Every structure is written in structure tokens, then in C-alpha cells.
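Quick note on my numbering: the sequence shown kicks off at 493 and runs consecutively. To keep things clear, I will list the structure first and then write my remarks on it.
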Amino acid sequence: MEELPVIDENLLAQVRAGTESAWQDLVEQLSPQIFGIIRNQIRATSDHDDIAQEAFTKIFLKLDQFAGKQAFRHWVSRLTINTCYDWLRKRKARPLVSYSDLGETEAEILEKTLAGDPLEQKESIASMRALLDRLISSLKPREQIVIRLLDLEEKSVQDVGELTGWGASKIKVTAMRARKKLRELLHKLEPDH
Numbered sequence: 493m494e495e496l497p498v499i500d501e502n503l504l505a506q507v508r509a510g511t512e513s514a515w516q517d518l519v520e521q522l523s524p525q526i527f528g529i530i531r532n533q534i535r536a537t538s539d540h541d542d543i544a545q546e547a548f549t550k551i552f553l554k555l556d557q558f559a560g561k562q563a564f565r566h567w568v569s570r571l572t573i574n575t576c577y578d579w580l581r582k583r584k585a586r587p588l589v590s591y592s593d594l595g596e597t598e599a600e601i602l603e604k605t606l607a608g609d610p611l612e613q614k615e616s617i618a619s620m621r622a623l624l625d626r627l628i629s630s631l632k633p634r635e636q637i638v639i640r641l642l643d644l645e646e647k648s649v650q651d652v653g654e655l656t657g658w659g660a661s662k663i664k665v666t667a668m669r670a671r672k673k674l675r676e677l678l679h680k681l682e683p684d685h
């Protein structure tokens with residue numbers, strides 16, 4: 493992942509002073525970061541713009557609370573992840589996935605994966621990713637966030653804690669429970685069940 497440029501303190505001061513062009517510059521600089529986080533956390537692409545708008549609103553309203561104890565982009569990441577978490581909690585409905593819900597390609601991919609056969613093509617890997625996204629979407633919001641950060645983005649427990657504000661033990665227990673649920677879901681999806 494490429495390193496994003498540091499946000500200039502002068503730009504933040506101008507935004508705090510109410511300069512509209514400075515806010516527009518800040519939004520432009522933060523958009524790739526914010527949309528990247530949202531894409532990684534939220535499956536429903538139709539909601540990405542609304543979630544980003546909510547994240548930008550929180551950033552604007554809480555900018556005076558940014559004390560500079562950590563990097564500004566880290567603070568933005570934390571606000572954005574918490575915005576995604578809030579959105580997942582508000583949504584409440586978590587779709588249950590059954591074998592009959594799977595498309596032909598997804599069912600074939602699942603059967604190969606469960607049988608230990610290697611996936612042959614990029615399309616197969618993309619289909620497996622789509623199936624995994626569906627399964628993760630059926631978890632509780634906190635579990636979704638933790639699994640996506642730990643297992644899909646390969647962040648450390650410490651990094652997840654810094655991004656979410658949750659303690660290491662809470663993250664580990666949440667991950668353990670979520671992985672157990674995912675295993676149970678996969679087991680239920682097997683054609684024999």
C-alpha cells in the first residue's frame with residue numbers, strides 16, 4: 493500500500509479558520525484514504541458515498557478536538573472506521589447465507605475449497621472473495637470490522653486497537669468468535685447439510 497502524503501498543519505489551521513477552499517483541498521486529499529477504508533469495510537457500494545459524507549461531517553465537526561497526539565491521517569482513519577461500525581450497527585439486518593442462495597459459480601468454488609482443490613483462475617479467486625464478503629456480512633458489526641482489519645487487511649491486533657479504540661483482549665475474543673461463526677457458516681453451506 494502506498495504511503496499517503498502528510499496533511500499540512502497550515503491547511504488544518506485554514507480549515508479551522510473557516511476557509512472554504514482549504515476544506516475543499518482537505519476533502520480532496522482525504523478522499524482516497526476515506527473511500528479506501530469504506531470499500532474495505534462495507535460491501536454495499538451504493539452506501540459508500542453516504543458513509544463518506546458522514547465521515548467527512550464528523551471530521552469537520554470534530555476537527556477542533558484533534559490534539560495532534562497522533563498523525564492526522566491516523567485520526568481520520570479511526571473516525572472513518574468508527575463511522576463504518578456505526579453504519580453497520582444501524583443497519584441491523586445481517587443476511588443469512590444458505591447453500592441454495594449461492595450462484596452456480598459460488599457453489600462450485602465452495603465445493604472445490606472445501607475439498608482442498610486449488611483455485612485455478614482469477615475469476616475463481618474473485619468469486620471466493622465475493623462469497624467470503626457475503627459470509628462476513630452475516631456477522632455482527634464489530635466482528636465484521638475486526639475480521640476485515642485483521643484477516644483481510646492483515647493488520648496487527650495493536651493496529652486494530654489503535655484504529656478502533658478497542659483493547660487487545662476484546663479484539664482477540666471478537667476475532668476468535670467471528671472465525672468460529674465463519675467456520676460454522678461454511679460447514680452449514682456444505683452441500684450435504
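By construction, the Cβ of each residue, glycine as well, lies at the ideal position given by its N, Cα and C atoms. As the structure is a prediction and not an experimental result, all values here were calculated from the model.
Thr549 has its alpha-carbon roughly 28 Å from the corresponding atom of Lys662. Our two residues, Leu504 and His566, have alpha carbons roughly 15 Å apart in a direct line. For Ser661, the uninterrupted alpha helix (DSSP H) segment begins and ends at Ala660 to Leu681. C-alpha of Leu553 to C-alpha of Val638: approximately 26 Å in a straight line.
Taking a contact as a CB-CB distance under 8 Å, the pair Ile534 and Ala544 does not count as one, their CB atoms being some 10 Å apart. Non-local beta-carbon contacts of Lys664 in its own chain, meaning distances under 8 Å to residues more than five positions away in sequence, involve Val649 in chain order. As the crow flies, the alpha-carbon of Leu624 is around 43 Å from that of Gln506. Exclusion of the five residues before and after Phe527 leaves His540 and Ala544 as the residues of its chain whose Cβ lies within less than 8 Å of its Cβ.
Within the same chain, and ignoring the five residues on either side of Thr572 in sequence, the residues whose Cβ sits closer than 6 Å to its Cβ are Ile526, Ile529 and Ala547.
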